[in-house]
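Protein chains in written order, with our numbering: chain A, 1 to 247; chain B, 1001 to 1247; chain C, 2001 to 2247; chain D, 3001 to 3247. Please read the structure below before turning to the comments.
Protein chains: 4
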Amino acid sequence: MITEGENILLIDKKGKKYMIKCKGKFHSHYGILDLDELIGKDYGTKIKTHKGDEFVVLKPNFIDYIEKMRKMPQIIQPKDAAVILAVTGLSRGSNVVEAGIGSGALTIFLANVIYPGKIYCYEVREDFARIAEKNIREFKLNNVFIKIKDIYEGIEEEDIDLVALDIPEPEKVVKDAYESLKYGGFVFAYTPSLEQMLRFREKAEKYFQIKTMECILREYESRKLGTRPKTLMIGHTGFLTFGRKIF
Amino acid sequence: MITEGENILLIDKKGKKYMIKCKGKFHSHYGILDLDELIGKDYGTKIKTHKGDEFVVLKPNFIDYIEKMRKMPQIIQPKDAAVILAVTGLSRGSNVVEAGIGSGALTIFLANVIYPGKIYCYEVREDFARIAEKNIREFKLNNVFIKIKDIYEGIEEEDIDLVALDIPEPEKVVKDAYESLKYGGFVFAYTPSLEQMLRFREKAEKYFQIKTMECILREYESRKLGTRPKTLMIGHTGFLTFGRKIF
Amino acid sequence: MITEGENILLIDKKGKKYMIKCKGKFHSHYGILDLDELIGKDYGTKIKTHKGDEFVVLKPNFIDYIEKMRKMPQIIQPKDAAVILAVTGLSRGSNVVEAGIGSGALTIFLANVIYPGKIYCYEVREDFARIAEKNIREFKLNNVFIKIKDIYEGIEEEDIDLVALDIPEPEKVVKDAYESLKYGGFVFAYTPSLEQMLRFREKAEKYFQIKTMECILREYESRKLGTRPKTLMIGHTGFLTFGRKIF
Amino acid sequence: MITEGENILLIDKKGKKYMIKCKGKFHSHYGILDLDELIGKDYGTKIKTHKGDEFVVLKPNFIDYIEKMRKMPQIIQPKDAAVILAVTGLSRGSNVVEAGIGSGALTIFLANVIYPGKIYCYEVREDFARIAEKNIREFKLNNVFIKIKDIYEGIEEEDIDLVALDIPEPEKVVKDAYESLKYGGFVFAYTPSLEQMLRFREKAEKYFQIKTMECILREYESRKLGTRPKTLMIGHTGFLTFGRKIF
């Protein structure tokens, strides 16, 4: 049931999504919606603008939130975050150290999977930390611990399953990551450029069993002549390098 | 601490992995290991063969198990399973219907993320169901419910977040999937061939907001002349089509 | 030596190219160029605007012309035209039938390689034929023969090395293509959509040994943090299907 | 018409190709063929083994020869050679310098397109030069000039349209390539590894307008469940870096 002030997802007749608080009026391209009408109704209900155009009301999920965050600079995309799970096997009860919190998208993704395991986030920029904290609060996740600290100066946690690095010089953290990890655990570095990736690999291969990959999503669309891969695609986001602590 | 009879992961000096029960002797390429020596020790410990070659002992994680299953025919790979999370936002407490359980790899992957939500698996072949059940038991997951039933004959569950179809003719389940899903929920079809994908899209677009994609992992390796994308790569596993129930 | 009225390629200090006739004044973003100054000079010479900004003058090559054509709708890109050579082994003296001339980009590409072999182009739209003819004339190619004719009604030529089809329903030409080809020759269909490609393959595999491929160019760029694959890439142009006449 | 001793292409009923001299007997998996029967017949003719299995006889083209060479180590593949044409616009009458002749596959590809332009090949290893020369002779190309010389020690030719480098350290030739090229001409480096590519780019961008790309061919196949991209694909051959001489 929809309650007042809650985040809701409105979808117009063209499939476009709007995430808003359920309160007062919403001015859309199709006219004005009176959101107070929705309170007490079930998700999936429809609502009409004053001009008669229909919207559907959904409960936003996890990815709906992250899509909203996507407009913020430099977040690790869900496809890349998902590869972390596919490679490391992170699961319920795992513990994580993260550096470079950005807007918190990766944090939320991982925190949700490892719950009740804990995630410790190092971030030097207070403004980023505040934005991330606000985003995390929406999910009522109580297993996230943000620290205004520079990870280049050391990692305090031990017996960790994953150290995830989204910072410019992850090679500087290799040794500290090794020490904070349990045997079988992973260090992960997200690096947009080849040079960063090569510098991290060079350093990391002294400590870890490493592998680097890219995750490329190829989307299809329907057009007049038929179905086809999209003409324009995201060709690159970042290189994903994983090191497993074995010896 | 390592206990008797538990699954352990042995890693040899070349990085090769062996998943075995911790009991008795293990005959490796490098000589014989006496596994009883390991009982009571911590993970990360080393053990030597009678010839003096060292192995490391790790606690297998989630993906280590799935890699072992991979030798079984036709499982959805972790990279593709991970995209399901990235697109649908499935998370703790979500409920899932699955058809085509295979060896249970996708089931385990999803069951772990949605716990304490439930996953209901339709499988017509009893032999597959038995193998999957055995694999699932290793994870002590009590939120998986396997049904020896043909999903083409209907879906009994309601208010579901995801209906995941790894069957030859997913287009036959579109209408039933629609009815069992909550608003905002997703149907997912995994189809190796173009023709299957096109048939599913054609039917599904009458009910759902659809998108199709492929997830391509490009791996890098170190060679004498330097680092480079692997010469041989997995070019295709399956097409991933998602439909969201909106109207 | 540069002569009056000839096509020249001007390149500004940012590397941007302009293809123009060498005559009179050229108004650029950087000021006015007096092109008559260039007559009689060597290619590679520099010329200054009235504001003092420098341009280099090059002799446009083959691809410079095609890039100019690219702004026209629906031309087969050089990368895809090049794959035709790589698969069919077309070379000096080969003879070609082409349908769907577009702006003539593929025609020019192939005519240049097969010279003194001949290329016969079927085109139903007179306006397209005229544009193509004008483009071809710039290259002084006398081995191109444009026919205002519908290839769906038959192919008149025999003993052909390649029948290249850039038309909506190439499957309708399969039998005629077979008859006009010499043994060892190829039919080629360029199809943007999956459905077109599948229809052509289904028909063509009765006559030919077929293979389908896509050619994906992945470009790299230098950015502040280093070198990396371009974020936005052309993910798809068309499917390239080749059938070789063997039996 | 087929003449004695000529190279012919035999194709068995499964589509497998054999390139052999037309003389005497050929022992195939399907039985013995008497090739002397073929002399004086037309290409496209069929011939039976002593067991009654049929082969088709074709005139090998350009790519059939290169496929045969492909079993030799490290040749630039036709797809990559074709990109050279697509980027540089090399055409009839262009002149080329090449280093690292390998087995001559790229040489033959380019020599055919630029004829009557000339190609000068620098190769330090006499054994490679001899193999290449033998392969080139099969094509009766008289515009190829092989020099047993180290290109690191300088380039003698001038007014060149393309300097093509398939050598381990192409960055050493950047300055000499610049001097031998005409304005508007291109240097091209084929480098398998990222490190080589980055070293070449760093040096070349001081002289040239550069771009780097990879050409990825994605092939499709028919299987029981339908058509699909091949499971195993060639994921990488080499990075293709082009520099155009403008200033």
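Ideal placement from N, C-alpha and C gives every residue a C-beta, glycine not left out.
Judged by beta-carbon spacing, A3204(D) lies beyond the 9 Å limit of T3237(D), meaning their Cβ atoms are not closer than that value. Within the region 2046 to 2067 of chain C, no residue places its CB atom closer than 7 Å to a CB of chain A.
Within chain C, no C-beta atom comes nearer than 7 Å to that of T3003(D); the closest sits roughly 16 Å away. Closest in C-alpha terms to S91(A), from the list I119(A), I76(A) and S103(A), comes I119(A).
The count of Cβ pairs closer than 8 Å, one atom from the region 3014 to 3024 of chain D and one from the region 1009 to 1024 of chain B, stays below three, leaving the stretches out of contact.
Counting only the Cα atoms, I1131(B) lies some 54 Å from G3104(D). Taking C-beta separations shorter than 6 Å and ignoring five residues to either side along the sequence, the partners of E2006(C) in its chain run C2022, following chain order.
Per DSSP, Y1030(B) lies in no alpha helix (DSSP H) and is assigned neither H nor E. By the criterion of a C-beta distance shorter than 6 Å, E2171(C) is surrounded in its chain by R2199, F2200 and K2203, once the five residues flanking it on both sides are discounted. Note on the region 3121 to 3153 of chain D: whole beta strand (DSSP E) runs with a minimum of 3 residues are 3144 to 3148, in chain order. Contact annotation: I3076(D) and G3117(D) have beta-carbon atoms that are not nearer than 9 Å.
Judged by DSSP in its simplified three-state form, Q209(A) adopts strand.
Only residues of its own chain outside the window of five on either side were considered, and among them S180 have a CB closer than 6 Å to the CB of E158(A), listed in chain order.
When the alpha-carbon of L1035(B) is set against those of Y1043(B), F1026(B) and K1041(B), the nearest one is in F1026(B).
Between I2(A) and G40(A) a beta carbon distance of about 7 Å is seen, short of the 8 Å cut, so the two are scored as contacting.
Judged by DSSP in its simplified three-state form, R218(A) adopts strand. When secondary structure is reduced to three states using DSSP, E1004(B) falls in the coil class, being assigned neither helix nor strand. When Cβ-Cβ separations below 9 Å define contact, L1232(B) makes no contact with chain C. Shown here, P2229(C) sits in a strand according to DSSP, grouped into three states.
Rounded to the nearest angstrom, the gap between the Cα atoms of L1162(B) and N95(A) is 27 Å. E98(A) has C121(A) and A164(A) as its beta-bridge partners, per DSSP.
Contacts with chain D (Cβ-Cβ distance below 8 Å) from the region 189 to 208 of chain A involve L194, E195 and L198, listed in chain order. Between G235(A) and L2058(C) the beta-carbon gap is near 29 Å, outside 8 Å, which marks them as no contact. DSSP lists F1239(B) as the bridge partner or partners of T1191(B). Taking 9 Å as the cut-off, the beta carbon of R3218(D) is found closer than this to the beta carbon of I2216(C). Looking from the CA of L2225(C), the closest CA among F188(A), I146(A) and E169(A) belongs to E169(A). No Cβ of chain B is located within less than 9 Å of the beta carbon of A129(A).
Here the alpha carbons of V187(A) and R3228(D) stand approximately 35 Å from one another. Nearest in C-alpha terms to K2175(C), of all of Y2190(C), P2192(C) and E2156(C), is E2156(C). Taking each of D1127(B), I1114(B), H1050(B) and T1088(B) in turn and checking the Cα distance to G1100(B), the smallest one comes out for D1127(B). Burial check for E3004(D): the Cβ neighbour count within 10 Å stays below 16, so the residue is exposed.
Within the same chain, L3010, D3012 and I3047 come within 6 Å of F3055(D) by CB-CB distance, once the 5 residues on both sides are set aside. Here I47(A) is bridged, per DSSP, to F55(A).
When CB distances to chain B are screened at a threshold of 8 Å, not a single residue of the region 3119 to 3145 of chain D falls below it.
With respect to chain A, the C-beta atom of G2226(C) has a partner C-beta closer than 9 Å.
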